Structures are given as structure tokens and as C-alpha cells.
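Protein chains in written order, with the working numbering: chain A, 364 to 724; chain B, 364 to 724. These notes are about the structure you will find just below.
There are 2 protein chains.
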Amino acid sequence: MDPRIREHAQTVVDHSTRVEKGDNVVVSAPAEAEDLVTAVCELVGERGGYVVTTSANPRFMRAFLRAADHEEFETPSHQLALVEEADVLINIRSEMNASEQSDVSPETNAAWRRANKPVQVEALSKRWCLTQFPAKGSAQLAGMSTEAYENFVYDAVSLDWEKQAEHQQQMVELLDDADEVHIKSGDETDVTMSVAGNITINDKGEHNLPGGEVFTAPVKDSVDGEVYFDLPLYRQGREVSGVRVTFEEGKVVEYSAERNEEVLDGVFNTDEGARYLGELGIGMNRNIDQFTYNMLFDEKMGDTVHMAVGTAYPETVGEENEVNESAEHVDMIVDMSEDSVIELDGEVVQRNGTFVFEEDF
Amino acid sequence: MDPRIREHAQTVVDHSTRVEKGDNVVVSAPAEAEDLVTAVCELVGERGGYVVTTSANPRFMRAFLRAADHEEFETPSHQLALVEEADVLINIRSEMNASEQSDVSPETNAAWRRANKPVQVEALSKRWCLTQFPAKGSAQLAGMSTEAYENFVYDAVSLDWEKQAEHQQQMVELLDDADEVHIKSGDETDVTMSVAGNITINDKGEHNLPGGEVFTAPVKDSVDGEVYFDLPLYRQGREVSGVRVTFEEGKVVEYSAERNEEVLDGVFNTDEGARYLGELGIGMNRNIDQFTYNMLFDEKMGDTVHMAVGTAYPETVGEENEVNESAEHVDMIVDMSEDSVIELDGEVVQRNGTFVFEEDF
């Protein structure tokens, strides 16, 4: 086994999820991630926890969803029971064919997400970590050789997270002190939102590995303006690109995509909360230096901001504000490297991807 | 996908476990069985059920057990919760390396089985099926090419189960009417046991696919004599062969094995019930014509009987009799093809593998 896999497992088990004696751990992964799951199981055993491993094989879900073809699903109570009894959830992504679910209808996907919302809500209340194993399909999606992609992934996950957190803390403090955020990029993105009363989280590789962003929740009805998400996203096995969204009083009132717009139809029609932003995130991980069609990495890139429609992380929402609830949480990215600024209460804190506290500002 | 895989899945879902609308199904399988799991998920979706897929990868269990190295484990309550909320459990065997767990100590294995007994008891109360996918490692264990092994497996699982059940019913009636069973084979096997008051089950491919046996429980303290299990078994990744066991008033008072006797030490020391028989089975499936080191098939062969130490199936034990309880259930086989008889209350019902109701008797 590549020794970096055992190091990765150790970061997941000890840093990201802090597995302890007696913890019930659920590891969900596709078969390709076998080595990483093995290393995680070994460490859970050493720490005195217990592990159930579930198969996140997209062929299984595709076969099930296409055959079921319901307009509504029930919440699978055995899945819910498993998550309820868990202390730690470790989700490992790893693609052999990133298009595996491309022929499931967006309506069916949306119905399935609605039915699974109680499972998601329960999962978010646990110690959890989403991470990546460098499978060949993920490398292909990134347009990289398997070996180069392995290096990319292991460089990203093995960052000095304490040092990274110190760097990010500067942005956390700026955001926590701010009321209004104004993001401008090129001719097409000009959006304002309030973050007053909400809480900014310093992501140092816990819920997401790699980490490397700071994120908060916009005040639900405060978002106004237009955004052109100039980096594509991969959703339900399909590339969605050239997304334009118009917000009025927080709500998505208009949207379009240059490619696979019907995926957005499914997302925005899942429920009411899917039409409001649940997250504003600012990428700060300079080790992630290329776009790989993988949101877990892309949203952490140093020259980007992302906004997610759908559910807000409760820990980012202050007591006075409403937590946006939805079965969806779809991140989309704006490239901030050129002709772009982030302003907080009228002060520029990032220009063309460089932060006010960085040398080249 | 090989069309026989979809047929196999249909037998599992519709014949063996009778999946219906709203059923919670758990499919447990190694990655090699991906095609069969996909076909099962599709059918569960069609029937209106819900499916959770768990990974039965022996590398995960090996890594966990070796690292944990406990003398006692707790029952993993998340695993138990999953099984409690399930209606149907489908376990698919499929080896890539049948020796994967060969370096886990028998003591650790026994401790783990004890901790999991509540999960096993719960599982046996559901609709469940154990079946086989013809992976390369399973073929290797059988000493067969992958293609020949595929044919072997699909021939065995696609039997006309109603017709087979009719054939077997003759033996069910003989056993249900009998009090004492006497089994003699060669110089070394001569054992008697009572089945008075217990119930014989006609296995037509439900809990086991392939099926093809009739089985009951010996009255717990009635077993007396010596048995030489002349066919080997594969247990915890190791071949155990040349097993000799002496029973007195039901209890195993002496045992030995020509190979890997320490595996038996682990089994017999798991708990008190592991030293008593829980099952007497008589193989009646003439389609299984070769030994493949796989108990699911071997115990169904037409010229064999098997006895399992450990837990009894509750449905085989009459109200007046005690159900033997154990965290173990280990089947071992006696070859009855030569110099052998089965007598019921002094009447010969099988001689050299041929039953009294068969033509060549």
C-alpha cells in the first residue's frame, strides 16, 4: 500500500473525525477506494471503535433510481437507523466513471434527495468527513494522469492544517466583523448579501479533507444581484457550465446554464430552500492550483469564491437568523483571479484573488 | 451483463426473499459481485423496496480485527440498528482471495462472533438469503477456470426449485416420522442422535441459493458417537481438514484435525453452545456434482450429510426441545458415497449415497 494512504487515513481518523474508544463509525466508499477504507478500518480498530462499511457504488444507485422511477420516495428507515446510531461518518469519493448517474432523471434525483433529507440532517449532526481517493476516473475527469492526480490529492490532504488555519483566521475575523459582502467579477457578477449575525467557520480539514476555505451563511433574504458562475460543476454525472443566476431578496428568480440546464431545473425544484443561498465560501488553499471538476477541491482554490444554493450549515447561522433548509446543497464557483473584488462594508478585502493581508495586495 | 446474473438476481429477490413494496433490503457483498448487486438493486427498485448496500470486503474485517486485538468486543449497535430496521437481508459471497482472513487469530475471531451474536439472531428473524457470485478467487478455490465455475454456479442456482422440493419432500417425511438417526460411514463414523419432536425443513433455495438439502436439529443432548468429517472446510481463510469429533450426551468431548486444528480450538471455545450440534443436514442436490471448498454448495451435494456445531435454526426445533444457542454455526461434511448408510429407527433410508426412494436403491 502507498504509505501516503495510511497517512491520509490517519488524518481522517485522528484530525478530521477524532475517533475514540467506543465510537460507531460508518465508512461509505466505492470499491476503488479499497486501500483507503482498509487503512481507516485498521485505525478505527486501533482506537477502539467499531466500523460498518457501506458501498457508495453509483451503479447501484443508478439501477435502483431508474427502476424505482417514483415521483416520491419514503425515507429509507434502515439507512436512517444506521446513521442515527453512528458517531462518525466518513464519506470517501472515488470515481471510476463519473458519468455513471448521467441517465437518471433530475426529477427522480430531486425526489430521492427530498426523501433522504432526514438522513442528511442526522448525518450533519455527527462528526463527519468527506474526502477523496485518487481513482482513475477522478483523474480522467481532472484531465490528469493517475500518478499526477495521486500526487495532487496527497499534496492537498497533507497540508499543515494548523498553519493553514492561522492564515485563514485573518479572513474569518474580517468576515465576522462585517455586515455586508459585495462580490464583483467581470461584467456579469455583481451581488451583495448580508452576513450580519452569522458565524464564519475556519475550515482546517475537518468536515472536508482537503479543507482550506472560510465559509458562512448569507442572511436568507439579503442576497441581491447577478452571478455568473464561470467554473463548471459536475452534478449527477453531468457537467453543468455557464450558470447565470439572478437573486432578489435572497431568492433565485432567474437562472440559466449554457450546458445541462435541466440539472438545474431538478435542483431548483427540489424544494423551496433550494432557491436560497445556504453558504458563501471563500477558497484559500494555495496548494490546490488547478481545477479538477471536483467541488471538494475546486471550491478551496485560492482565487475563487463559491455560493451554495440549498441547506445552510446550522453552525454558521446566528441565533437571530433563519437557517435555510433544503434537501439540496449545490456549490457553484466564481473565478476571482481577474477583474474581481470582494468588499466588506465597502472596504476591498480581496482584489484579483489576492487578499488584503497577503504580500502582493 | 451476463443475462444469467439478472436471472440469478430475480431468483434472489422474488423466490428466495419475496421483496415487496416498502421492504427495507440490505445487500452485503464484496466489490467483485458488483454486477449481481446492481441487478438486485434494480429489482428492489422495481418492487418498490429500499436498499442499503454494505461492503463485505474481508480486507476491511482483517484490518479491523488485527488492529483491535481485543479479548472482548461490544456489539456494534449501528450494525444492529441497520439489521433491526431491515425486512430482507441478502448476503452475497464472492472471493478474490479466500485466504484474506487467514492471519486473524482464532481467539479474536471467536470474540468477534460472540459480540455479533445479537446481530446474527436478529438477522435470522428476517427474510434472508445467502448466495454466491462466481468471482475468480472462488473459482481458484474450487480448482476451476472462471468460465467453468460460472457455469457451475449458474447451473446450481437456476434449478427448478419446485420440482426439487417435491423430490426432497420424500426425505422430509421420513425424517419427520423418525425418532432416531444412525449414520455410519467407513470405519470412523458411527453416530446416533434423536430428532424426536423436531421439524425437518425442505430447503428449496430460499435461505440458501443454491438450496437442495433437508435439515433439522438433533435433540441437544442426544448425540453419541464418533464422526470423521472426510471433506475439508474453509473457515476464517484456512482449510481445516481431517476433522474427528467424539460426542457424548450431545457434547463434543474430543476433537482433532489433520490440518489447522487451531481454527477448531477457536470455534469450540467460542461459547458453550459451540460444543453441541445445531443442525443435521442431508444433501440432495444432484446438480452439484463436485466439491468446491464452499460450504454453501458442498453441503448440498447428493452423497453427503453435514452436521453443524453451534446455533440451531429455531424453526427446526419443536416446542418440547431446547434450541441450541451459540455465536457459531460451523458445518462439516461426511462423504456418504461409499460404505455408508443412514438409518432411521433401524430402517436403512440411504445406502452409499442412494436414497430408498431413488431408482438405484
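No residue lacks a Cβ here, since even glycine has one placed at the ideal position from N, Cα and C. This one's a predicted model, so the numbers in the text were calculated from it and none came from an experiment.
Assuming residue i contacts residue j (C-beta within less than 8 Å), just tell me the rounded distance between them.
{"i": "S501 of chain A", "j": "R601 of chain A", "result": "The Cβ separation is near 16 Å, so there is no contact."}
{"i": "T416 of chain A", "j": "N715 of chain B", "result": "At roughly 47 Å, the Cβ-Cβ gap does not stay under 8 Å, so T416 of chain A and N715 of chain B are not in contact."}
{"i": "N648 of chain A", "j": "G588 of chain A", "result": "Wrong, their Cβ atoms sit about 26 Å apart, outside the cutoff."}
{"i": "F496 of chain A", "j": "A396 of chain A", "result": "4 Å"}
{"i": "V389 of chain A", "j": "V446 of chain A", "result": "7 Å"}
{"i": "E458 of chain A", "j": "A394 of chain A", "result": "Not really, about 11 Å apart at Cβ, beyond 8 Å."}
{"i": "N460 of chain B", "j": "S440 of chain A", "result": "Actually they do not touch by this definition, with Cβ atoms about 35 Å apart."}
{"i": "S689 of chain B", "j": "G636 of chain B", "result": "3 Å"}
{"i": "L493 of chain B", "j": "N571 of chain B", "result": "6 Å"}
{"i": "V482 of chain A", "j": "L428 of chain A", "result": "Contact doesn't hold; Cβ gap of about 15 Å is too wide."}
{"i": "I651 of chain B", "j": "A519 of chain B", "result": "5 Å"}
{"i": "T401 of chain A", "j": "D432 of chain A", "result": "About 36 Å separates the two Cβ atoms, so there is no contact after all."}
{"i": "Y517 of chain B", "j": "Y597 of chain B", "result": "Not a contact, Cβ separation roughly 21 Å."}
Buried or exposed: which applies to residue i, given that a residue is buried once 16 or more other Cβ atoms fall within 10 Å of its Cβ?
{"i": "Q653 of chain B", "result": "exposed"}
{"i": "T438 of chain B", "result": "exposed"}
{"i": "S712 of chain A", "result": "In the sequence as presented, Ser is not what sits at residue 712 of chain A; that position holds Val. Answer is buried; the Cβ neighbour count reaches 16."}
{"i": "F423 of chain A", "result": "buried"}
{"i": "K567 of chain A", "result": "buried"}
{"i": "G629 of chain B", "result": "buried"}
{"i": "N603 of chain A", "result": "One detail in the question is off: residue 603 of chain A reads as Val in this sequence, not Asn. Buried, by the Cβ-count rule."}
{"i": "E434 of chain A", "result": "exposed"}
{"i": "S700 of chain B", "result": "exposed"}
{"i": "E722 of chain A", "result": "exposed"}
{"i": "R381 of chain B", "result": "exposed"}
{"i": "S488 of chain B", "result": "exposed"}
{"i": "V613 of chain B", "result": "Note on identity: in this sequence residue 613 of chain B is Gly, with Val being the wrong assignment. The residue in question, G613 of chain B, is buried, as its Cβ has 16 or more Cβ neighbours within 10 Å."}
{"i": "K547 of chain A", "result": "buried"}
{"i": "K663 of chain B", "result": "buried"}
{"i": "F718 of chain B", "result": "buried"}
{"i": "E710 of chain B", "result": "exposed"}
{"i": "E405 of chain A", "result": "buried"}
{"i": "D661 of chain B", "result": "buried"}
{"i": "F515 of chain B", "result": "buried"}
{"i": "M364 of chain B", "result": "exposed"}
{"i": "P573 of chain A", "result": "buried"}
Within a Cβ cutoff of 7 Å, which residues of the same chain sit near residue i, ignoring the five residues on either side of it in sequence?
{"i": "N767 of chain B", "result": "This structure leaves residue 767 of chain B out entirely; chain B is present only between 364 and 724."}
{"i": "F436 of chain B", "result": "A474, W475 and A478"}
{"i": "R622 of chain A", "result": "E602, V603, S604 and G605"}
{"i": "G665 of chain B", "result": "G646, M647, N648, R649 and G716"}
{"i": "E353 of chain B", "result": "Residue 353 of chain B lies beyond the residue range present for chain B, which begins at 364 and ends at 724; the question has no answer from this structure."}
{"i": "E533 of chain B", "result": "Inspection of the sequence shows that residue 533 of chain B is occupied by Gln rather than by Glu. Around Q533 of chain B: F720."}
Looking only at its chain, what residues have a beta carbon closer than 6 Å to the beta carbon of residue i, apart from the 5 residues adjacent to it on each side?
{"i": "T609 of chain B", "result": "E589, V616 and E617"}
{"i": "T509 of chain A", "result": "K499 and A502"}
{"i": "R607 of chain B", "result": "Y591 and S619"}
{"i": "E706 of chain A", "result": "H545"}
{"i": "E513 of chain A", "result": "P497"}
Residues in the same chain with beta-carbon distance under 8 Å from residue i, minus the five sequence neighbours each way, listed in chain order, please.
{"i": "V535 of chain B", "result": "T563, I564, N565 and V577"}
{"i": "S557 of chain A", "result": "D542, E543, V544, P581, V582 and S585"}
{"i": "S631 of chain A", "result": "Before going further, note that residue 631 of chain A is Phe rather than Ser in the sequence given. Cβ neighbours of F631 of chain A beyond the five flanking positions: V615, Y618, A637, R638 and V672."}
{"i": "W491 of chain A", "result": "T380, V451, L452, I453, N454 and H570"}
{"i": "E383 of chain A", "result": "R410, G411 and G412"}
Residues of the segment 413-432 of chain A with a CB closer than 9 Å to any CB of chain B: list them in chain order, please.
-> For the segment 413-432 of chain A, residues whose beta-carbon sits nearer than 9 Å to a beta-carbon of chain B comprise Y413, V414, V415, T416, T417, S418, A419, N420, R422, F423, M424, R425, A426, F427, L428, R429, A430, A431 and D432.
Listed from N- to C-terminal order along the chain, which residues in the segment 444-471 of chain A have their beta-carbon within a distance smaller than 9 Å of any beta-carbon of chain B?
-> A444, L445, V446, E447, E448, A449 and D450
Touching or not, the segment 640-650 of chain B and the segment 671-678 of chain B, by the rule of three or more beta carbon pairs under 8 Å?
-> The answer is yes - the segment 671-678 of chain B touches the segment 640-650 of chain B, with three or more Cβ pairs under 8 Å.
Please confirm if the segment 689-705 of chain A is in contact with the segment 586-593 of chain A, defined as three or more CB-CB distances below 8 Å between the two stretches.
-> With a cut-off of 8 Å, the segment 586-593 of chain A and the segment 689-705 of chain A count as touching, because enough Cβ pairs lie within range.
Okay, do the segment 528-541 of chain B and the segment 397-415 of chain B touch, 3+ Cβ pairs below 8 Å being the bar?
-> Note that the segment 528-541 of chain B does not touch the segment 397-415 of chain B; fewer than 3 beta-carbon pairs, one per stretch, sit closer than 8 Å.
Is there contact between the segment 501-511 of chain A and the segment 465-481 of chain A, where contact requires at least three CB pairs shorter than 8 Å?
-> Because the criterion of three Cβ pairs below 8 Å is not met, the segment 501-511 of chain A and the segment 465-481 of chain A do not touch.
Would you call the segment 373-388 of chain B and the segment 436-455 of chain B touching, i.e. three or more CB-CB distances under 8 Å?
-> Counting Cβ pairs under 8 Å, three or more are found: they touch.
Looking at chain B, which residues of the segment 490-503 of chain A have a Cβ within less than 7 Å of any of its Cβ atoms?
-> none
Closer than 9 Å, Cβ to Cβ, to anything on chain B: give me those residues from the segment 398-410 of chain A, in chain order.
-> D398, V400, T401, A402, V403, C404, E405, L406, V407, G408, E409 and R410
Of the residues that make up the segment 564-596 of chain A, which ones have a beta carbon closer than 8 Å to any beta carbon in chain B?
-> none
Of all the residues that make up the segment 546-565 of chain A, which are near chain B by a beta-carbon distance shorter than 9 Å?
-> Across the segment 546-565 of chain A, no CB contact with chain B closer than 9 Å is found for any residue.
In the segment 515-549 of chain B, which residues sit with their C-beta less than 7 Å from some C-beta in chain A, listed in chain order?
-> none
Determine which residues of the segment 474-490 of chain A have a Cβ less than 8 Å from any Cβ of chain B, and write them out in chain order.
-> none
Of all the residues that make up the segment 623-639 of chain B, which are near chain A by a beta-carbon distance shorter than 9 Å?
-> none
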